Amino acid sequence: MHCAAYRGQPDAFKKEASARMKEKLEALKLEALAQLEQVTEPQVLNELRVKYLGKKGALTEILRGMGSLSAEERPVIGQVANDVRAAIESIIDTKQEAFQRAETEQRLQAEKVDVTLPGRIMPQGAVHPLNKVITEIEDIFLGMGYQVAEGPEVEMDYFNFEALNLPKDHPARDMQDSFYITEDLLMRTHTSPVQVRTMQSMRGEVPVKVICPGKVYRRDDDDATHSFQFHQIEGIVVGENIRMSDLKGTLLQFVQEMFGADTQIRLRPSFFPFTEPSAEVDVTCVKCGGNGCRICKQTGWLEILGCGMVHPKVLEMGGYDPEKYSGFAFGMGVERIAMLKYGVDDIRHFYNSDMAFLKQFTRI
Ligand code: PHE
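Read in the working numbering, the sequence shown has 1554 at position 115, and its numbers run on one by one without any break.
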């Protein structure tokens, strides 16, 4: 029925529709602004944005009626609608910014760091004194052109004894009883098997010039100077015209770097099946400098290693012709060196993980 009546007065109807729409828009604006004013949470702000400005929101809903407006009214109402939208958007933006500022502020407060607080001290580990000594010895020999080689701790009887000129039933084996895994497999009793392994792997090439650090094992009762497991460093040089004087010079150079420039050495004749001739090497006492004290038992000398010229049979088993080549070898106990250098009186200190003992070495 309405339709018929409007059709009769189209202009009057359109004017009225326009006025109503304007009212609705103003009302919407007031309602929206009032609600938005109250908002305290970003989520609610978002909900209201959708409610008023969204695709299916209140503003769109009102603007659906634009079709029934006259051509002149349309831009007028369009302008009103734009103003309403702008007013609503503006307050939403303002609120949004305020929320963001508040959030940033809150985060800054929460993450505040007092840089004046004293720091937490992180307990720091340190290299074990034995490893320090090994590294130091390695460095000295690396400086003389040596390379570092390693071998297995579970070793074959062949490399540990046989190829070092210690055949089965050789009496010298008694001094190095060990832990046997099988008849032919044992925990190595010294680092000397690495001599043979190195020579064999070099396949006759010269010079052989290596040091070999590592753990060794012996059937020993632990006491202040003995341990069933300890460390050695082996050295071997093979080439043409390698002489006993080369060995002596090398060892002198080593002890002077290790214990100080005044250190002297003396060689005493000794026996090892894998070297000929063989010697024990003493250094002038690190404590008294050779005058005689409790440490050196008043002799002025301390024994530090065994050495000698590589036995021709050992050269041969390593693949080198003893008529053409010669060499020297030496072996020292790392614990012994460390005890002398740092005045440690009991080898067991190195293995007991006693922090009071170990901490003394953190700054060395
Ligand atoms: N291997 C010997 C030992 O453990 C030390 C040594 C090495 C001696 C090399 C001579 C040559 O007692």
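Glycine residues also receive a C-beta, built at the ideal position from the N, C-alpha and C atoms. In this text, all values refer to a predicted model and were calculated from it rather than measured experimentally.
Is residue i near the ligand ADP, in the sense that its beta carbon is under 8 Å from a heavy atom of that ligand?
| i | result |
| --- | --- |
| residue 1714 | Annotation note on the ligand ADP: not contained in the displayed structure, which lists the ligand PHE as its ligands. |
Less than 9 Å separating the beta-carbons of residue i and residue j?
| i | j | result |
| --- | --- | --- |
| residue 1808 | residue 1492 | Not covered by the structure: residue 1808. The range shown for the chain is 1440 to 1803. |
| residue 1742 | residue 1725 | no |
| residue 1646 | residue 1589 | no |
| residue 1665 | residue 1654 | no |
| residue 1611 | residue 1635 | no |
| residue 1706 | residue 1735 | no |
| residue 1498 | residue 1520 | yes |
| residue 1676 | residue 1702 | no |
| residue 1626 | residue 1592 | yes |
| residue 1674 | residue 1600 | no |
| residue 1505 | residue 1496 | no |
| residue 1481 | residue 1545 | no |
| residue 1763 | residue 1644 | no |
| residue 1740 | residue 1728 | no |
If you drop the 5 nearest sequence neighbours on each side, which residues of the same chain put their C-beta closer than 6 Å to that of residue i?
| i | result |
| --- | --- |
| residue 1576 | 1672 |
| residue 1579 | 1693 and 1696 |
| residue 1616 | 1658 |
So, is residue i buried or exposed, given that buried needs 16 or more other C-beta atoms within 10 angstroms?
| i | result |
| --- | --- |
| residue 1684 | exposed |
| residue 1547 | exposed |
| residue 1605 | buried |
| residue 1794 | exposed |
| residue 1782 | exposed |
| residue 1566 | exposed |
| residue 1529 | exposed |
| residue 1527 | buried |
| residue 1554 | exposed |
| residue 1840 | In the structure displayed, the chain extends from 1440 to 1803; residue 1840 sits before or after that span and is not available. |
| residue 1501 | buried |
| residue 1621 | exposed |
Taking residue i and residue j to be in contact with their CB atoms under 8 Å, please state how far apart those CB atoms are, rounded to whole angstroms.
| i | j | result |
| --- | --- | --- |
| residue 1618 | residue 1656 | 6 Å |
| residue 1564 | residue 1639 | 38 Å between Cβ atoms; not a contact. |
Within a Cβ cutoff of 7 Å, which residues of the same chain sit near residue i, ignoring the five residues on either side of it in sequence?
| i | result |
| --- | --- |
| residue 1681 | 1765, 1766 and 1767 |
| residue 1771 | 1671, 1672, 1743 and 1744 |
| residue 1531 | 1475, 1484 and 1488 |
| residue 1661 | 1667 and 1787 |
Spatial neighbours of residue i within its chain, please: CB distance less than 8 Å, with the 5 preceding and 5 following residues excluded, ordered by chain position.
| i | result |
| --- | --- |
| residue 1776 | 1572, 1576, 1697 and 1743 |
| residue 1659 | 1665, 1666 and 1667 |
| residue 1774 | 1569, 1666, 1669, 1670, 1786 and 1789 |
| residue 1797 | 1565, 1567 and 1568 |
contact_flag[the stretch 1787-1803, the stretch 1593-1603] where n(CB pairs < 8 Å) is 3 or more: Cβ pair count under 8 Å is below three, so no.
Any 3 or more C-beta pairs closer than 8 Å across the stretch 1458-1472 and the stretch 1488-1504: Touching, yes.
Cβ contact (3+ pairs, closer than 8 Å) linking the stretch 1744-1753 and the stretch 1704-1716: Touching, per the Cβ criterion.
Inter-stretch contact at 8 Å, needing at least 3 Cβ pairs: the stretch 1509-1522 / the stretch 1547-1559: Cβ pair count under 8 Å is below three, so no.
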